[in-house]
Amino acid sequence: MFRVNKQILLFIAGCVWIIAGVNILRIGILTWMHEAHYSVLKVGEAVIVFLLFLNFVFLRLFRKHSRRIAQKGEKNCPFSFFDIKGWVVMFFMIILGVGIRHSRLLPDSFISVFYTGLSSALIITGILFLIQGVKERRNSK
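Take the UniProt record's numbering: the last position of the sequence shown gets the number 141, and nothing is skipped along the way.
As structure tokens, this is what we get:
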């Protein structure tokens, strides 16, 4: 089976987080563009969503998974950048997001603000994983 080192795990994690963030950002922006009005209030709300998710959810996950990856050996499954709980949460969030959007449970005004803020926090977290991967690579030389 294909195995990767800790640095590659961090790079994979970063790419997965960034790809997820870009996909959600695309939905948020497309929904935002269909809104009749663009307000400064909505931008402020998106910034609040960003700050809340980054500070209270994603930074904790970044620290947890970075520490866990740092303790791994040199040969790892490429999907082990998440633990089982992380994979379950990710799949649950994807299913929940798709379900809410397709069932139209929440108005587009909420989706545009929430997805834009959430996606920005995901992208920043992905960048943090990439930076950690670079640091890990420098430390291993």
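Yeah, the Cβ is synthetic: ideal placement off N, Cα and C, and Gly gets one too.
If you drop the 5 nearest sequence neighbours on each side, which residues of the same chain put their C-beta closer than 6 angstroms to that of F58?
Here residue 58 corresponds to residue number 58 of the sequence shown, with the count starting at 1. Once the five neighbours on either side are set aside, the close Cβ partners of F58 are A121 and T125.
Which listed residue (V16, C15, N23 and F2) has its alpha carbon closest to that of T116
Here residue 116 refers to the residue found at position 116 of the sequence shown. Looking at the Cα atoms, N23 is the closest of the given residues.
Considering only residues of the same chain and omitting the five flanking positions on each side of V113, which have a CB-CB separation below 7 angstroms?
Along the sequence shown, read from residue 1 onward, the residue named residue 113 stands at position 113. If we look at V113 and ignore the five residues flanking it on each side, its Cβ neighbours are K42, E45, A46 and V49.
So C77 is in the alpha helix (DSSP H); what residue range does that whole segment cover?
Reading the sequence shown from its first residue, position 77 is the one you call residue 77. Segment: none, C77 is in no alpha helix (DSSP H) and carries neither H nor E.
Let me check one thing: in DSSP terms, what residues is V4 bridge-paired to?
Counting from 1 along the sequence shown, the entry for residue 4 is found at position 4. Its beta-bridge partners are N76.
Is G73 buried or exposed, if buried means 16 or more other CB atoms sit within 10 Å of its CB?
Looking up residue 73 in the sequence shown gives position 73. Label assigned to G73: exposed.
By Cβ distance below 6 angstroms, which residues in the same chain neighbour A81 in space, the five residues on each side in sequence not counted?
Taking the sequence shown and counting its residues from 1, the one referred to as residue 81 is at position 81. As written in the sequence, residue 81 is Phe, which differs from the Ala given in the question. Closer than 6 angstroms at the Cβ level, and outside the excluded window around F81, lie L9, I12 and A13.
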